[in-house]
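In the UniProt record's numbering, the protein residues as written are 1 to 262. In this text, a Cβ means the ideal position worked out from N, Cα and C, and glycines have one as well.
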Amino acid sequence: MHERKASTLSYADVWERWKEHSDLEAKKQLIEQYLHIVDYVSGRLAVGLPKNVSKDDLFSNGVMGLIDAVEKFDYKRGLQFETYASWRVRGAILDGLRQGDWVPRSVREKAKKIEEGYQHLEQQYLRSVTDAEMSEYLNISEKEFQTMLQEVAVMTLCSLEDPIREEESETRLTLLVDEKAKNPDYKVREFFLKDSLTKGIEKLTEKERTVVSLLYYEDLSLSEIAEVMSLSPSRISQLHSKAILRLRGTLEKQRDLLMCND
Numbered sequence: 001m002h003e004r005k006a007s008t009l010s011y012a013d014v015w016e017r018w019k020e021h022s023d024l025e026a027k028k029q030l031i032e033q034y035l036h037i038v039d040y041v042s043g044r045l046a047v048g049l050p051k052n053v054s055k056d057d058l059f060s061n062g063v064m065g066l067i068d069a070v071e072k073f074d075y076k077r078g079l080q081f082e083t084y085a086s087w088r089v090r091g092a093i094l095d096g097l098r099q100g101d102w103v104p105r106s107v108r109e110k111a112k113k114i115e116e117g118y119q120h121l122e123q124q125y126l127r128s129v130t131d132a133e134m135s136e137y138l139n140i141s142e143k144e145f146q147t148m149l150q151e152v153a154v155m156t157l158c159s160l161e162d163p164i165r166e167e168e169s170e171t172r173l174t175l176l177v178d179e180k181a182k183n184p185d186y187k188v189r190e191f192f193l194k195d196s197l198t199k200g201i202e203k204l205t206e207k208e209r210t211v212v213s214l215l216y217y218e219d220l221s222l223s224e225i226a227e228v229m230s231l232s233p234s235r236i237s238q239l240h241s242k243a244i245l246r247l248r249g250t251l252e253k254q255r256d257l258l259m260c261n262d
């Protein structure tokens, strides 16, 4: 870690050559220097994805994100490039997955049914609903419900980073991140959405909140979370799916209210 930090500092002259003099060799050096970010991010995202998703494709999309980060990064602001690049790389990989339409229509439909079920029942009972109540609502057995959660797990991986509205770049995950530069037009909308998301997280079960926290705040992989919580990876995947579908239902309801008031 110390060597990497020292190396980053020593690359200040390379950043200057690239940004101030458009030195393509310097740009190439920077890309090669930070390829480890693509390795790291693509490796973590690969956990839980279907086997038909190529790791080479993840890496290739990640490289495009890294190149974009190198081109847009303002080295004079004194910010950490690694943090900035990680978001760009992650975003590029997720964009590639979405464009590849890697989730079957049947899985999307199941996820929508579960999301709507949580939204309807939690509005009715004003509390977190049990698996038994969800199973009854969906008219399936609890075992079949667990299977459904496992099937939609691959889809919920990207859920917090999907746009809140198709025509906007703002995502659900940005509401969890403290950004200094805010667009004034979104102040009121962000306040209500963030408040809704906070309340949604509070309604999750303790285990679901722990999974969300470890995955999105501590940046652990699903397999690492399984070790921490002494549960099987499949169980962690189910908890993650339930948490995300609940949060999506909460945010969808809030979005509809905001649209009605527009």
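Would the stretch 215–227 count as touching the stretch 89–109 if we require 3 or more Cβ pairs under 8 Å?
No contact exists between the stretch 215–227 and the stretch 89–109.
Beta-carbon contacts of Leu58 that lie in its chain and below 7 Å, excluding the five residues immediately before and after
Cβ neighbours of Leu58 beyond the five flanking positions: Ser42, Leu45, Ala46 and Ile93.
Specify, as a first and last residue, the run of the alpha helix (DSSP H) that Phe73 falls within.
No residue range can be given for Phe73, since it is assigned to no alpha helix (DSSP H) and is classified by DSSP as neither H nor E.
Would you give the residue range spanned by the alpha helix (DSSP H) that Gln80 belongs to?
Careful: Gln80 lies outside any alpha helix (DSSP H) and carries neither H nor E.
Rounded to a whole number of angstroms, what is the C-alpha to C-alpha distance between Thr147 and Arg235?
Cα-Cα distance, rounded: 11 Å.
In the DSSP assignment, find the unbroken alpha helix (DSSP H) run with Ile31 in it and report its ends.
Judged by DSSP secondary structure, Ile31 falls within the alpha helix (DSSP H) whose first and last residues are Leu24 to Gln33.
Quick check on Val14: does DSSP put it in helix, strand or coil?
Note: Val14 maps to helix in three-state DSSP.
Is Ser213 near the ligand PLP, judged by its Cβ being under 8 Å from some heavy atom?
Ligands are entirely absent from the displayed structure, and the ligand PLP is therefore not among its contents.
Rank Arg209, Lys76 and Leu35 by C-alpha distance to the C-alpha of Asn61 and give the top, closest one.
The option with the nearest alpha carbon to Asn61 is Leu35.
Stretch-stretch touch, CB-based, cutoff 8 Å, three pairs: the stretch 135–145 with the stretch 108–125:
Taking a cut-off of 8 Å for Cβ pairs, the stretch 135–145 and the stretch 108–125 touch, as three or more such pairs fall below it.
Can you tell me where the alpha helix (DSSP H) with Glu218 in it begins and where it stops?
Run containing Glu218: none; DSSP gives neither H nor E here.
From Ser13 to Lys76, what distance separates their C-alpha atoms?
Ser is not the amino acid found at residue 13; the sequence shown has Asp there. A direct Cα-to-Cα measurement between Asp13 and Lys76 gives close to 12 Å.
To which residues of the same chain is Val212 closer than 6 Å at the C-beta, ignoring the five residues directly before and after it?
Closer than 6 Å at Cβ, skipping near neighbours: Ala243.
Distance, Cα to Cα, Glu170 vs Leu24?
With a pLDDT of 44 at Glu170, under the threshold of 50, the modelled position of this residue cannot be trusted, and the question is left open.
Can you name the start and end residues of the alpha helix (DSSP H) that Ser128 belongs to?
For Ser128, there is no enclosing alpha helix (DSSP H), as DSSP marks it with neither H nor E.
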